[in-house]
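The next block holds one structure in the form of structure tokens; read it before the comments.
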Amino acid sequence: MQEAIINKAKQLLADGTVDRVIGWKRGEFAYDITPAVFGSAEEIDADFVYDDFTSANVSKYLVKETKKEGKVLVFLKPCDTYSLNQLTKEHRVDREKVYVVGIPGGPKLDIEKIKAKGISGILSVKNENYTLKIETIYGEETMPFSEAILDKCASCKSKKHVVYDELIGEDGEVLESNRFDMVEQLENMTAEERYNFWREQLSKCIRCNACRNVCPACTCEKCVFDNPESGVENKAASDSFEENMFHIIRAFHVAGRCTDCGECSRVCPQNIPLHLLNRKFIKDINSLYGEYQAGEDTTSRAPLTDYTFDDCEASIVHERGVE
Ligand code: SF4
Ligand code: SF4
Ligand code: SF4
């Protein structure tokens, strides 16, 4: 797949379809793949990487890239195309300046799950028939591919690209996902158990802002958390109230706009399952206003920014059993 993607990028640069390419390059380690912008075939040959660790959703980078001159090529996995649609719908990305090549999705790998097996000093990870051959400074280790799948890929909602100019490979289908299973488990807890669950998780937050910075729904020119006059500006939380507040404010800000891309949880250095908070909002919106998938299209009105005479009243929410 890497070869097909690289050839496509070089072809579209050479024939003038695009002026630059958003893709991925190797970071500090072989498994540390990071988004990057490439301006020439030479740069692509030198650094472009696409492998089992290429999990980053690069759609958010289009916000800045489409403010520049010229057209940009972006390679999007199925889940990433929902983010682009949402960004287009919110007028954050100029779709005319983007050339989208849809590429097959995961499952992608989570290096933390490999390290959790006690494997350290990792030099490279190869997938051979769904067995991982892990070269380390201490020798070779193996483990099943299935035990190292990223959480966001394990609960994939769709293998279908909702926007593209051309595809590499076949398109897939929207899936019957298990993504709300854990949300239901949380709903079945008592209020106290649920509060304790979230306190335990959110108390680990070091307020690094990685979740906000990676989120395609968080593209405000001036984020409330960057405003020193707001009273909620960037700083380490001083108590549990402030720990909760950051996450609750952000969850409300992205409600109805979160495409469930899973990036917030993927990048959290404290492994906080932030996506569960956002999924609770998605599940409730589905229940209260009818099935809705943010990013599925660029034209529909979102439930929280629309009004219909069928909208539920707060008084009947409880009757429907939504906690
Ligand atoms: S990425 Fe994790 S640690 Fe960083 S601010 Fe978000 S929740 Fe907190
Ligand atoms: S809140 Fe998390 S899952 Fe939702 S769009 Fe942002 S990064 Fe993706
Ligand atoms: S947290 Fe709220 S204000 Fe800040 S970028 Fe996200 S949506 Fe915008």
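Count along the sequence shown from 1, then add 5; that gives the number in the working numbering.
Ideal placement from N, C-alpha and C gives every residue a C-beta, glycine not left out.
This structure is a prediction, so every number in the text was calculated from the model and none was measured.
Status (buried if at least 16 other CB within 10 Å, exposed otherwise) for residue i
i, result
"Leu172", "exposed"
"Pro221", "buried"
"Cys216", "buried"
"His252", "buried"
"Cys210", "buried"
"Asn218", "exposed"
"Asn132", "exposed"
"Gly267", "buried"
"Ser64", "buried"
"Asp115", "buried"
"Tyr312", "exposed"
"Asp57", "buried"
"Ala260", "buried"
"Gln7", "exposed"
Residue i Cβ short of 7 Å to ligand 3 heavy atom set
i, result
"Phe230", "yes"
"Val188", "no"
"Arg255", "yes"
"Cys273", "no"
"Gly225", "In the sequence as displayed, the identity of residue 225 is Cys instead of Gly. Within the cutoff, so yes."
"Arg306", "no"
"Arg217", "yes"
DSSP three-state assignment for residue i, whether helix, strand or coil
i, result
"Arg184", "coil"
"Ala41", "strand"
"Asn276", "coil"
"Ile154", "strand"
"Tyr297", "coil"
"Thr71", "coil"
"Val219", "helix"
"Met6", "coil"
"Thr310", "helix"
"Ser64", "helix"
"Val77", "strand"
"Ser163", "strand"
"Phe257", "helix"
"Glu268", "helix"
beta-carbon residue i near ligand 1 non-hydrogen atom, thresh 7 Å
i, result
"Pro221", "no"
"Ala260", "no"
"Arg284", "no"
"Asn291", "no"
beta-carbon residue i near ligand 4 non-hydrogen atom, thresh 7 Å
i, result
"Leu279", "Among the ligands in the structure shown, ligand 4 does not appear; only ligand 1, ligand 2 and ligand 3 can be found there."
Enclosing beta strand (DSSP E) for residue i [first to last residue]
i, result
"Glu133", "Ile127 to Glu133"
"Ile355", "For the chain, the structure presents residues 6 to 328; residue 355 sits outside this window and is missing."
"Val103", "Val103 to Gly107"
"Glu145", "Gly144 to Pro149"
Enclosing alpha helix (DSSP H) for residue i [first to last residue]
i, result
"Pro83", "Pro83 to Lys94"
"Tyr200", "Ala196 to Leu207"
"Val4", "The chain is shown from 6 up to 328; residue 4 falls before or after that span and cannot be answered."
Check: residue i C-beta below 7 Å from any heavy atom of ligand 2
i, result
"Asp265", "yes"
"Glu268", "yes"
Is the segment 183-197 touching the segment 122-141 in the sense that three or more CB pairs, one from each, lie closer than 8 Å? no
Mind the definition here: the segment 72-87 touches the segment 277-284 only if three or more C-beta pairs lie below 8 Å; say whether that holds. With the rule of 3 Cβ pairs closer than 8 Å, the segment 72-87 does not count as touching the segment 277-284.
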